[in-house]
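In mature numbering (1 follows the signal peptide of the UniProt record, and there is no 0), the protein residues as written are -23 to -1, 1 to 516.
Each residue gets a CB set at the ideal place from its N, CA and C atoms; glycine is no exception.
Okay, so here's the structure we're looking at.
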Amino acid sequence: MQNCKLWMITLIILLIVTKMAVAQSPIPTTLEGPFEPATRRFDPSLRRGSNDLPMDHPRLKKNVTLNFPEQIALAISSPTSMWISWVTGDAQIGKNVTPLDPSKVGSEVRYGKESGKYESVKKGVSVVYSQLYPFEGLLNYTSGIVHHVRIDGLKPGTKYYYKCGDSSIPAMSEEHAFETLPMPSQSTYPHRIAVVGDLGLTSNTSTTIDHLIQNDPSMILMVGDLTYANQYRTTGGKGASCFSCAFPDAPIRETYQPRWDGWGRFMEPLTSRVPMMVIEGNHEIEPQVSGITFKSYLTRFAVPSEESGSKSNFYYSFDAGGVHFIMLGAYVDYNATGAQYAWLKDDLHQLDRTVTPWLVAAWHPPWYNSYSSHYQEFECMRQEMEALLYQYGVDIVFSGHVHAYERMNRVYNYMLDRCGPVYITVGDGGNIEQVDVDFADDPGKCPSAGDNTPEFGGVCHLNFSSGPAKGSFCWNKQPEWSAFRESSFGHGILEVVNSTYALWTWHRNQDTYKEDSHGDQIYIVRQPELCSPSVKVVS
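Structure follows, in structure tokens:
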């Protein structure tokens, strides 16, 4: 009883100190919202985009031999377990390719709490995949061996050292290290959560990732569209900012799969020590004949789908300290009668907000978006799922897809709502398709109802039924639910302070070398006493 009282007193003091610090800070809070919509237009002194890095670039080319591991990446499995993935062997590309035998190279991780001392050993699975195109002039691809090992029995908040590979060859990696995240609790949170999307492999991508590394995250949310390998013909060459424009005669949306290998090498210095949680975007669809899609995405990444009760790698959930993350799939069935919706409802029902107060969701295409690009594209998904997420009090939603930045006022069903989530679009990682600069409320920039057809699902474009834009498809000014928007490349950092306050900072690439500079910053404040599921009414 005495320990319980001391814990409560400590928590109250922490909340008071936090509120005092915030009160003295010039950083705004969502308690002051809704904010008057603000726009910072594209800086014409900057380039809208840059070309992809070539495959012989030092950060993309292969630097290991034979069956030594490369493209090493971590992903959270549970608070006490971690996925470690890597690739061995040489991928093949050509008219006739023969898949490697994954049983020829073992999947093994040795790990421990001291450098050079690996007290535990775990073994896992290995697979290969192929991207096949039975069309004249197109080349086929078969991957190296992709390994996934789940190591468990980990202590939260602890540094571990590991090597991965096959010790029987022997072909083990160099030593790497990572720190586990804290246990689910309303008093412990990840140090910093990086959020980035629509990354690609351009010079701008390099700036984004270098800047992100400087901000020292403890985990990464990757909200879809990773490599942009589908901006290429199967023969490689130069990627295009618009595939259909550059290659109108292509028999299928081709991909150059070696870009995936280059991306894995490019990301390894970060992902071998910081877990990266991914969700699929439209650039991961990569269709083959016979309806085969998402082969690269599904093979290369380990996610905690089984651990979270999901039967699909397209949607899952996980905990990181006092934050529960829900990763949703926009390119698989999201209807209220489908498997994903049933899983989501069950996952939300099982939540204990006294253990994980923060509820953060992520999927690729944004529901709220005032740019011309992808305007109302996934309105069908919003209509199916928004009420459920609102009912359970989702605090923040991260998306990408639109290649720019936008933060919303709290909103539900296009109406300002103090209990709605804060929606944030961070599809500005730096990819080859360039930054989006047109707003749907600009004169002549409102898309037609036939534009922005989604690559999955139906079309549910609508005219607004109330408010200043009543009867119209687009607003004639920045919508009231859009708090701030800017056309720049960058990434975001979420720092959860306690059970009610979290600091969100959007870092622009052009501010990389400036001290304490950022493009947008706000304290997102939860109000569970006003907005708990038991007191909200869902309209």
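- Residue pairing of Phe295 in beta bridges, as defined by DSSP: Phe302.
- In this structure Glu506 is exposed. Its beta-carbon is surrounded by fewer than 16 other beta-carbon atoms within 10 angstroms.
- In the three-state reduction of the DSSP assignment, Arg277 falls in the helix class, which pools H, G and I.
- Taking the Cα of Asn453 as reference, the smallest distance to any Cα among Val388, Ser459, Ala417 and Asn475 is reached at Ala417.
- By a beta-carbon distance limit of 8 Å, Gly216 does not contact Ile256. Their separation comes to about 23 Å.
- Secondary structure at Ser267: helix, using DSSP grouped into helix, strand and coil.
- By the criterion of a C-beta distance shorter than 8 Å, Val414 is surrounded in its chain by Arg18, Phe19, Arg25, Ala381 and Ser464, once the five residues flanking it on both sides are discounted.
- Residue burial is scored here from C-beta neighbours: Cys219 has fewer than 16 other C-beta atoms within 10 angstroms and is therefore classed as exposed.
- Exclusion of the five residues before and after Glu231 leaves Arg210 and Thr211 as the residues of its chain whose Cβ lies within less than 6 Å of its Cβ.
- Gly467 places its beta carbon less than 9 Å from that of Asn486.
- A residue is called buried when at least 16 other Cβ atoms come within 10 angstroms of its Cβ; Ser267 does not meet this threshold and is exposed.
- For Cys437, the CB contacts under 7 Å within the same chain, skipping 5 residues up- and downstream, are Glu356, Cys357 and Gln360 in chain order.
- In terms of Cβ geometry, Thr165 and Gly299 form a close pair [threshold 9 Å].
- Using a 10 angstroms sphere on the CB of Leu203, the tally of other CB atoms reaches 16 or more, which defines it as buried.
- Within the stretch 413 to 481, no run of alpha helix (DSSP H) reaches 4 residues while sitting entirely inside it.
- One thing to note: Ile197 has its Cβ no nearer than 9 Å to the Cβ of Leu158.
- About 6 Å separates the beta carbon of Gln317 from that of Asp310, a gap short enough to meet the 8 Å contact definition.
- Ranked by how close their Cα comes to the Cα of Phe12, the residues Arg462, Glu472 and Cys508 have Arg462 in first place.
- Around the beta carbon of Gln191, a 10 Å sphere encloses fewer than 16 other beta carbons of the protein chains shown; the residue is thus reported as exposed.
- Under the Cβ criterion (8 Å, minimum of three pairs), the stretch 64 to 81 counts as touching the stretch 103 to 115.
- Under DSSP, Trp60 shares a beta bridge with Ala52 and Arg127.
- The DSSP assignment places 316 to 326 as complete runs of the alpha helix (DSSP H) inside the stretch 301 to 332, in order along the chain (cut-off: 4 residues).
- The beta carbon of Thr16 lies closer than 8 Å to those of Phe416, Gln455, Phe461, Arg462 and Glu463 in the same chain, with the five residues before and after it left out.
- Our two residues, Leu23 and Val412, have alpha carbons roughly 11 Å apart in a direct line.
- Looking at the backbone, the Cα of His484 and that of Asp405 are separated by about 11 Å.
- Tyr205 has its alpha-carbon roughly 12 Å from the corresponding atom of Thr182.
- If you draw a straight line from the Cα of Ser476 to the Cα of Met392, it comes to about 26 Å.
- The beta carbon of Asp187 sits closer than 6 Å to no other beta carbon from its chain once the five residues preceding and following it are set aside.
- Between Gln265 and Gln108, the CB-CB gap stays under 9 Å.
- The three-state reading of DSSP puts Trp237 in helix, counting H, G and I together.
- In the three-state DSSP reduction, Phe12 falls in the coil class, being neither helix nor strand.
- Only residues of its own chain outside the window of five on either side were considered, and among them Gln48 have a CB closer than 6 Å to the CB of Gly241, listed in chain order.
- In the structure shown, the three-state DSSP call for Ala148 is strand.
- Nearest to Ser459 by alpha-carbon distance, out of Ala426, Phe433, Pro424 and Asn386, is Asn386.
- In the displayed model, Asp29 falls within a strand according to three-state DSSP.
- Per DSSP, Leu158 lies in no alpha helix (DSSP H) and is assigned neither H nor E.
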